[in-house]
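Remarks on the structure that follows.
Numbering (full-length UniProt numbering), first residue to last: 1 to 382.
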């Protein structure tokens with residue numbers, strides 16, 4: 001695994017690299033910068049400001065070009081490597097070709113980074129640029145056409161907002177995020193099928209909620225479905241379902257709704273004969289009571305969902321009585337993550353593993369009491 005950390009000056013890249021080295025046995029590698037030092041990394045007198053982190057002590061290998069770095073890591077891809085030397089888009093383009101590479105961007109409000117940079121200048125007995133000078137230099141560094149780092153940051157699979165006030169709080173937040181999770185490189189089967197369900201949800205035309213579903217047997221997709229009005233009718237988002245286009249509250253007047261649910265569409269597409277007793281249904285939203293009855297009837301053996309719904313408890317009871325396994329799975333967090341929220345943001349990561357019962361076994365629907373009491377079971381939403 002190779003993690004590349006990119007970001008502006010004083011965003012926290014070196015601090016995160018040091019955390020990975022100390023806590024997760026990563027080794028730091030260095031890619032030589034061929035371009036000149038950008039102005040944003042210099043003092044008011046244009047002297048380069050050294051990093052307060054002892055980077056040289058962490059570096060175990062140095063490379064003159066990205067190709068030699070890649071050749072080295074490719075032969076050792078099962079080990080853990082980290083670099084903060086993501087200099088430009090050409091470096092990213094080369095690294096992203098490898099399946100073991102994860103690009104992580106680190107950013108912070110410009111005023112926060114200026115304060116950090118001022119402290120770094122003071123520690124080196126150098127005069128810091130003014131806030132206005134720092135902002136102008138920062139804009140040049142990020143947005144200069146053709147060479148700006150901003151385009152590189154946008155390509156990151158994971159974007160960290162590091163406005164934390166101390167190294168200890170930063171490390172606490174990183175601990176809850178689980179950066180080295182191998183599923184960030186190659187999705188697990190649960191993650192893969194849940195992502196397909198999310199993709200199916202993007203085809204939904206329902207005005208109330210986007211829901212997607214995938215039915216799988218022996219790790220092969222049997223059918224997919226998303227919610228919306230039946231074939232041949234006007235789409236819900238074009239006015240086809242009066243209930244969904246009015247201000248009806250969740251769970252009210254469901255008998256007047258003309259939309260088929262994602263699970264219903266997937267079940268109709270597959271048919272009972274193709275489903276069989278070992279089929280698993282993945283849905284980005286926990287099935288409603290009506291769908292749970294139909295899922296039970298066709299012989300689905302397991303239901304995996306991501307987000308909760310207002311009738312979760314009833315759904316769990318139906319599955320428990322009929323012997324259908326029910327569990328929640330949430331993929332590792334992607335996109336923008338605010339590290340200042342600390343460990344409270346770790347609930348999705350906690351749910352990313354299979355829920356376990358009190359004796360350590362996977363929760364099955366038969367243990368209904370524990371399911372309804374478990375913190376891993378999403379409570380009804382409003």
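Even for Gly, the Cβ is constructed at its ideal location relative to N, Cα and C. Quantities reported herein were computed from a predicted structural model and do not represent experimental measurements.
- [ ] Drop a sphere of 10 angstroms on the beta-carbon of residue 224, count the other beta-carbons inside from all chains shown, and report buried for 16 or more, exposed for fewer.
- [x] So residue 224 ends up on the buried side.
Open item on the list: Taking 8 Å as the cut-off, does the segment 110-122 touch the segment 27-37 (at least 3 CB pairs, one atom from each stretch)?
Closed with: The segment 27-37 vs the segment 110-122: no contact.
- [ ] Can you say whether residue 164 is buried or exposed, counting buried as having 16 or more other CB atoms within 10 angstroms of its CB?
- [x] Result: buried.
TODO: Buried or exposed for residue 328, please, with buried defined as at least 16 other CB atoms from any protein chain shown within 10 angstroms of its CB.
DONE: Residue environment analysis places residue 328 among the buried positions, since at least 16 neighbouring C-beta atoms fall within 10 angstroms of its C-beta.
Open item on the list: Could you check whether residue 5 and residue 92 sit closer than 8 Å to each other, using their CB atoms as the reference points?
Closed with: Here residue 92 is not near residue 5, since their CB atoms are 8 Å or more apart.
Task: Neighbourhood of residue 209 by C-beta, 8 Å cutoff - its chain only, sequence neighbours within 5 removed - done: Only 227, 285 meet the Cβ criterion.
Open item on the list: Please tell me whether residue 281 and residue 300 are closer than 8 Å, where the distance is taken between their beta carbons.
Closed with: One thing to note: residue 281 has its Cβ within 8 Å of the Cβ of residue 300.
Open item on the list: Cutting at 8 Å between CB atoms, please list the residues of its own chain near residue 343, excluding the five before and the five after it.
Closed with: Note that residue 343 scores a pLDDT of 43, beneath 50, so its modelled location is shaky and nothing firm can be said.
- [ ] Specify whether the segment 10-28 and the segment 73-86 touch according to this definition: at least 3 beta carbon pairs, one from each stretch, less than 8 Å apart.
- [x] Yes: at least three Cβ pairs fall under 8 Å.
Open item on the list: Tell me which residues share the same chain as residue 196 and place their Cβ nearer than 6 Å to its Cβ, disregarding the 5 neighbours each side in the sequence.
Closed with: Annotation for residue 196: 214 place their beta carbon closer than 6 Å to its own, counting only its chain and skipping 5 residues before and after.
Open item on the list: Only counting the same chain, and skipping five residues up and downstream in sequence, which positions put a Cβ closer than 7 Å to that of residue 334?
Closed with: For residue 334, where only same-chain residues beyond five positions count, the Cβ hits under 7 Å are 157, 158.
Task: Residues sharing a beta bridge with residue 307, DSSP - done: 285, per the DSSP bridge assignment.
- [ ] Would you check if the segment 308-321 and the segment 120-139 touch, i.e. whether three or more CB-CB distances between them fall below 8 Å?
- [x] Touching, no, given that fewer than three Cβ pairs across the two stretches are closer than 8 Å.
Open item on the list: What residue range does the alpha helix (DSSP H) around residue 171 cover?
Closed with: Following the DSSP letters along the chain, one finds residue 171 inside the alpha helix (DSSP H) bounded by residues 167-177.
- [ ] Please report the residue range of the alpha helix (DSSP H) in which residue 72 lies.
- [x] Residue range 66-74 is occupied by the alpha helix (DSSP H) that includes residue 72.
Task: First and last residue of the uninterrupted beta strand (DSSP E) at residue 416 - done: Residue numbering for the chain in the displayed model covers 1 to 382; residue 416 lies beyond these limits and cannot be assessed.
TODO: Spatial neighbours of residue 29 within its chain, please: CB distance less than 6 Å, with the 5 preceding and 5 following residues excluded, ordered by chain position.
DONE: Cβ within range, chain order: 61, 81, 83.
TODO: Out of 263, 25, 128, 95, state which residue places its alpha-carbon closest to the alpha-carbon of residue 71.
DONE: Ranking 263, 25, 128, 95 by Cα distance to residue 71 puts 95 first.
TODO: Specify the secondary structure class of residue 203 as computed by DSSP and reduced to three states.
DONE: Coil at residue 203, not helix or strand.
Task: Sequence-distant residues of its chain with Cβ nearer than 6 Å to residue 27 (five each side left out) - done: If we look at residue 27 and ignore the five residues flanking it on each side, its Cβ neighbours are 60, 81.
TODO: In the DSSP assignment, find the alpha helix (DSSP H) that holds residue 150 and state where it starts and stops.
DONE: Note, residue 150: alpha helix (DSSP H), 150-154.
Task: Residue from 89, 127, 23 with nearest C-alpha to residue 46 - done: Sorting 89, 127, 23 by C-alpha distance to the C-alpha of residue 46 places 127 at the top.
Open item on the list: Between 50, 49, 90, 43, which has its C-alpha nearest residue 65's C-alpha?
Closed with: Comparing Cα-Cα distances from residue 65 to each of 50, 49, 90, 43, the minimum goes to 90.
Open item on the list: Using only CA atoms, which one of 75, 239, 292 lies nearest to residue 264?
Closed with: Nearest to residue 264 by alpha-carbon distance, out of 75, 239, 292, is 292.
Open item on the list: Please report the straight-line C-alpha distance between residue 142 and residue 152, rounded to a whole angstrom.
Closed with: Rounded to the nearest whole angstrom, the C-alpha separation of residue 142 and residue 152 is 9 Å.
Task: Beta-carbon spacing of residue 98, residue 332 below 8 Å - done: No.
TODO: From the DSSP output, read off the bridge partner residues of residue 102.
DONE: Residue 102 pairs with 3.
Task: residue 18 versus 51, 322, 295, residue with shortest Cα-Cα distance - done: For residue 18, the closest C-alpha among the options 51, 322, 295 is that of 51.
Task: For residue 223, the residue or residues it bridges with in DSSP - done: For residue 223, the beta-bridge partners assigned by DSSP are 215.
TODO: List the endpoints of the continuous beta strand (DSSP E) containing residue 337.
DONE: Here the beta strand (DSSP E) through residue 337 covers 335-338.
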